[in-house]
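Under our numbering, think of the first position of the sequence shown as 109, with each following residue one higher.
Yeah, the Cβ is synthetic: ideal placement off N, Cα and C, and Gly gets one too.
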Amino acid sequence: MKLSEKRKTIKLLEKLRVRNYKSAFIYKIRYQKEKRVIIKNFYHRLFIQKNEFHEELDEMIEQIKKEISPIPDRKLLAFYKRRKCDVSHLYLKYKMNQSYQDVYKRELKSFKKYGDYLSRINHGCARAILLDHKHKIKRKVAEMNKTGLIKYPAL
């Protein structure tokens with residue numbers, strides 16, 4: 109795999125890392141504030157899933173960085189800037205007003221985005237992690253549909 113492809117892969121994984129961090133943070137707060145037991149349990153499982161994926165992405169980024177430069181070389185790794193996962197107060201206030209239906213749409217949108225990321229990433233291990241997570245999201249979306257709170261067509 110070429111160096112430029114590895115750089116592109118790291119940049120895409122970094123975008124996914126930030127996105128999943130925000131989702132995990134939102135689900136954690138929703139889990140703590142929700143009163144309905146079924147939805148509270150579901151938010152908790154979503155939080156755990158997103159948190160695990162976030163850790164896997166961190167490990168994958170470190171692995172690809174080692175593939176680029178086994179010895180930490182500033183020149184080769186100068187392109188990588190770890191983005192902060194800042195979540196502003198206004199962003200949280202907006203997201204906390206979302207309903208279960210909005211969470212469903214968010215998960216469905218992320219399911220479709222993983223297809224785009226899979227088409228752009230050539231690294232085998234990264235693709236395996238993304239495919240596994242995409243399958244988990246597909247199961248969660250189907251499970252959200254089965255709860256009876258909302259009804260959408262199956263994937």
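- Ranked by Cα distance from L124, the first of K254, L238, K244 and K248 is L238.
- Judged by DSSP secondary structure, T117 falls within the alpha helix (DSSP H) whose first and last residues are L111 to K141.
- For I156, the enclosing alpha helix (DSSP H) stretches over residues V145 to I176.
- DSSP places N253 inside the alpha helix (DSSP H), whose first and last residues are G232 to K254.
- Going by C-alpha positions, P180 is about 9 Å away from K173.
- The beta carbon of H162 is closer than 8 Å to those of R125, N128, Y129 and A132 in its chain, skipping five residues each way along the sequence.
- For K192, no alpha helix (DSSP H) run applies, since DSSP gives it neither H nor E.
- Of the residues assessed, A234 falls on the buried side of the cut-off, its CB having 16 or more other CB atoms within 10 angstroms.
- Between the alpha carbons of L165 and I176 lies a distance of about 16 Å.
- With contacts defined by Cβ atoms closer than 7 Å, Y151 and E160 do not form a contacting pair.
- By the beta-carbon neighbour count (other beta carbons within 10 angstroms, threshold 16), M168 is buried.
- Remark: C-beta atoms of L226 and V249 do not approach each other more closely than 7 Å.
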